Each structure stands twice: as C-alpha cells, then as structure tokens.
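Per the numbering used here, residue 107 is the first one in the sequence shown, and the count goes up by one each step.
Have a look at the structure below, then the notes.
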Amino acid sequence: MFRARRRISLRLPLTPPLVFMGTCALLSIAAAQLTAAAPFKHAASAAAADAVACPTGAGVARAAAARHTTGISTAVDAVLDAGVYTGQTLTISGAGRNTSISLPAESFVGQQTTDALVYTRFINGKSEVHFLDAATGCDTVVARPAGIVRSAIVDPSATTVYVHAVSNPARTDLGVMRYALDGSAGTPAVPPLPDDPAFGLTFGTQLGWSTDGTALFVQSCGAARCRTRVLDVASNAVSTYNDAGQGSIVGMTREHLVTFAACDGSPCPVISIDRTSGVPTVLAQQAISASIDDTASGTAETTITTPAGTTEVDQ
Numbered sequence: 107m108f109r110a111r112r113r114i115s116l117r118l119p120l121t122p123p124l125v126f127m128g129t130c131a132l133l134s135i136a137a138a139q140l141t142a143a144a145p146f147k148h149a150a151s152a153a154a155a156d157a158v159a160c161p162t163g164a165g166v167a168r169a170a171a172a173r174h175t176t177g178i179s180t181a182v183d184a185v186l187d188a189g190v191y192t193g194q195t196l197t198i199s200g201a202g203r204n205t206s207i208s209l210p211a212e213s214f215v216g217q218q219t220t221d222a223l224v225y226t227r228f229i230n231g232k233s234e235v236h237f238l239d240a241a242t243g244c245d246t247v248v249a250r251p252a253g254i255v256r257s258a259i260v261d262p263s264a265t266t267v268y269v270h271a272v273s274n275p276a277r278t279d280l281g282v283m284r285y286a287l288d289g290s291a292g293t294p295a296v297p298p299l300p301d302d303p304a305f306g307l308t309f310g311t312q313l314g315w316s317t318d319g320t321a322l323f324v325q326s327c328g329a330a331r332c333r334t335r336v337l338d339v340a341s342n343a344v345s346t347y348n349d350a351g352q353g354s355i356v357g358m359t360r361e362h363l364v365t366f367a368a369c370d371g372s373p374c375p376v377i378s379i380d381r382t383s384g385v386p387t388v389l390a391q392q393a394i395s396a397s398i399d400d401t402a403s404g405t406a407e408t409t410i411t412t413p414a415g416t417t418e419v420d421q
C-alpha cells in the first residue's frame with residue numbers, strides 16, 4: 107500500500123510537491139541478500155557496540171523481510187545545530203535493545219514495514235547502502251555506488267537493490283543503478299534525468315514499486331511540477347510521463363499511474379494516467395488524501411478522501 111496526503115504546511119518556497127509525504131513513504135521495503143562486506147552492529151553507545159556475526163545466504167535477508175517482530179519500532183529524528191540541519195538519528199527500539207545510529211546530512215532512511223530496513227550514508231566522499239535486520243541488529247553494506255545516494259529500494263524478490271544518486275559536488279542526476287545483491291558490480295537501470303526548463307530544478311526524486319511488483323516508478327519533482335519514469339523490470343523498457351501536470355505521486359498499479367495534480371495547497375485534484383496511452387483522467391477534484399491498496403480479489407483500488415467523504419475507484 108502507498109498512502110499520500112496533501113498538506114498546505116509542506117508547500118514552502120522552493121519545496122517540491124513531493125517533499126511531501128514522499129521521502130518518508132517509500133513502498134514496501136524488502137530484504138536484500140547479505141554480502142560478504144564486513145558487518146557491524148550499532149548500539150546506544152560506542153563502548154557497547156559489538157560486532158555481529160551476520161549470516162550470509164540467499165534466504166537470510168528474504169527471511170528478515172518476511173517477518174515483523176512484535177514490539178520493534180524505528181524512528182528518525184533530525185539533528186539540528188543552532189537551527190541548521192546537520193544529520194539525523196535512526197533509533198531502533200525493542201527486542202531488549204535500544205540501538206541508535208547517527209547519520210550525516212547526506213543520508214536516507216527507508217520505511218520499516220518488516221524487520222528489514224534499508225538506509226544510506228555519504229561519508230568522506232563515499233556512499234554506502236546498508237541493509238539492517240531490526241530484529242537481530244545485523245547491519246551489512248550491500249552496495250557502494252558512485253556519487254551521493256539519495257534513496258534506495260529493494261525489489262520484491264529481495265535479490266536486487268535499486269539506487270538513485272546525484273553527482274558530487276554538482277548534484278546532477280546520475281540516474282538509477284541496479285545492484286544484484288551477490289556482490290557484483292552495478293548496471294544502469296534508468297538513465298539520468300534530462301534537464302527541462304519546463305520543470306526547472308529538481309528538488310527530489312522518489313522510488314517505488316507498482317502494486318504488482320513488476321515496475322519501478324521514479325518520480326522527480328521541481329518546485330511546482332513532477333515527471334515520472336517507469337521501468338518495466340522484465341523488459342528493461344523505460345516509459346516517461348511528463349505531460350499531465352503531475353504533482354506528488356499516490357502510487358502505481360499495473361495499468362495506471364495515480365498522482366495529485368500540480369496545484370498549490372489542499373484539497374487538490376487526483377489524476378490517473380493510463381500507462382499505455384498516457385491519457386489522464388481526473389478521479390476527484392478536491393482530494394485531501396489518497397491511497398492505493400490491493401484488494402482480496404487481486405485488483406488495486408484507489409481510495410480518495412475529499413471534504414464530501416470517501417471515494418473508491420478500481421484501478
């Protein structure tokens with residue numbers, strides 16, 4: 107499930123329509139096969155930190171993604187110095203531990219939906235993508251991409267991590283790389299985003315999966331409008347959707363890309379773009395929030411909340 111909400115308070119000057127609910131709402135985080143990189147365990151204090159003998163094998167990380175240990179929770183808090191953002195702290199609580207990981211300003215933390223968690227860090231000019239088993243504390247580097255990693259997401263089969271990065275120091279888009287989690291080198295998955303004066307500077311890029319897990323969306327937003335590219339994993343084909351006046355994304359099904367319209371404030375229209383034709387359809391004119399959920403029959407349904415009530419649309 108992917109859930110999105112328009113909030114007026116999030117539309118600050120030079121804030122894109124995706125820095126929204128976006129960075130904290132990546133789709134389901136699957137686990138990754140653990141590599142032979144030296145693992146380590148973080149604890150509440152450096153003196154208490156002990157190395158963890160992280161097991162390896164194709165099924166280990168997949169098992170972490172399949173379980174959700176009761177009582178374990180994660181929280182991410184910004185670190186400020188005299189009002190200036192300097193980094194963030196990732197805290198994992200439960201299972202008899204209170205683990206705290208300090209991350210630099212150039213870092214990303216995915217959403218924990220199971221015991222699997224993906225986070226990134228950029229330190230001393232190098233990027234790392236980490237897989238953390240929240241239940242065991244096992245923390246392993248699964249990729250070391252070029253540039254500054256902005257986000258990462260593992261595929262539903264828990265065999266591949268997709269990583270979006272920008273260059274250092276220019277912050278130009280480097281596209282999305284695909285890393286098989288067996289230690290092999292990465293390969294390009296989605297090319298760098300081309301400059302387009304119609305969208306202006308890109309302030310944020312979000313990765314997520316379609317509800318059926320067959321396609322990866324890469325939505326990039328400027329100050330007012332967004333454009334989305336979709337990677338079909340089986341064919342490696344990339345489709346671009348940039349003509350419908352998109353705002354922040356709600357989610358994607360096998361047949362439709364659902365976004366808010368590019369508008370100020372809330373409520374805001376919700377549009378559904380046919381992935382084959384590119385034709386947009388307005389699903390609601392005054393949406394406060396919207397989400398896409400799988401149904402018991404295997405189809406997907408968009409639920410939209412408006413001032414008048416809730417509407418459900420099959421997608």
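From the three backbone atoms N, C-alpha and C, an ideal C-beta is built for every residue, glycine too.
Computed from a predicted structure; not experimentally measured.
Asked: Where A201 sits in the DSSP three-state scheme; Found: coil
Asked: Within 8 Å, strictly: CB atoms of R284 and A295; Found: yes
Asked: DSSP three-state assignment for V166, whether helix, strand or coil; Found: helix
Asked: Residue nearest to V385 in terms of C-alpha spacing, selected from F305, V260, A350 and V336; Found: A350
Asked: Nearest to P262 (by Cα), restricted to the options R256, A321, L238 and P275; Found: A321
Asked: Sub-8 Å separation of G328 and G306 beta-carbons; Found: yes
Asked: Secondary structure of A131, DSSP reduced to three states; Found: Low confidence applies to A131: its pLDDT is 34, below 50, so where it sits in the model is not reliable, and the reading given next is rough at best. In this structure, A131 counts as coil in the three-state DSSP scheme.
Asked: As assigned by DSSP and simplified to three states, the class of A136; Found: In this prediction, A136 scores a pLDDT of 34, lower than 50, which makes its location untrustworthy; no coordinate-derived value is stated.
Asked: Cβ contact (3+ pairs, closer than 8 Å) linking the stretch 246-260 and the stretch 192-205; Found: no
Asked: Cutoff 6 Å; reference V344; Cβ partners in own chain excluding five residues on either side; Found: V296, R335 and L337
Asked: Neighbourhood of P298 by C-beta distance below 8 Å, restricted to the same chain and skipping five residues each side; Found: T278, D279, L280 and G281
Asked: Reference I355, options T365, A184 and T346, closest by Cα; Found: T365
Asked: Continuous beta strand (DSSP E) stretch holding S378: start and end; Found: C374 to D380
Asked: Neighbour-count burial assignment, D221, 16 or more Cβ in a 10 Å radius; Found: buried
Asked: Of the residues A271, T346, A414 and P303, the one placed nearest L363, counting alpha carbons only; Found: T346
Asked: Of the residues P413, T242, T308 and T411, the one placed nearest A167, counting alpha carbons only; Found: T242
Asked: Collapsed DSSP secondary structure at A343 in the structure displayed; Found: coil
Asked: Proximal residues to T293 (C-beta, below 6 Å), its chain only, five neighbours per side dropped; Found: R284
Asked: Secondary structure, beta strand (DSSP E): runs of 3+ residues fully inside the stretch 299-362; Found: 310-315, 321-327, 332-338 and 344-358
Asked: Inter-residue spacing [alpha-carbon to alpha-carbon] between N230 and A252; Found: 13 Å
Asked: Distance between S326 and I254 (C-alpha atoms, nearest Å); Found: 16 Å
Asked: Bridge partners - S290, DSSP secondary structure assignment; Found: DSSP, once it has assigned bridges, lists no residue as partnering S290.
Asked: Local Cβ density within 10 Å of G353, reported as buried at 16 or more and exposed below that; Found: buried
Asked: The beta strand (DSSP E) enclosing H236, as first and last residue numbers; Found: K232 to D239
Asked: Separation of L209 from L140, as counted between CA atoms; Found: Below a pLDDT of 50, predicted positions are generally treated as unreliable, and L140, at 29, falls in that range; the measurement from the model is reported next regardless. Straight-line Cα distance between these residues: approximately 21 Å.
Asked: Element boundaries [beta strand (DSSP E), containing R227]; Found: A222 to I229
Asked: One or two residues paired with D370 in a DSSP bridge; Found: Per DSSP, none; premise fails for D370.
Asked: Burial state of H391 (16 or more Cβ within 10 Å); Found: The sequence shown places Gln at residue 391, rather than the His named in the question. With fewer than 16 other Cβ atoms within 10 Å, it is exposed.
Asked: Element boundaries [beta strand (DSSP E), containing E407]; Found: A406 to T412
Asked: Assumed close pair A368, A330 - CB separation to whole angstroms, cut-off 8 Å; Found: 6 Å
Asked: Per-residue burial, T401 [other beta carbons within 10 Å of its own, 16 or more giving buried]; Found: exposed
Asked: Environment of P373 [buried if 16+ CB atoms lie within 10 Å]; Found: buried
Asked: Opening and closing residue of the beta strand (DSSP E) in which E418 lies; Found: G415 to D420
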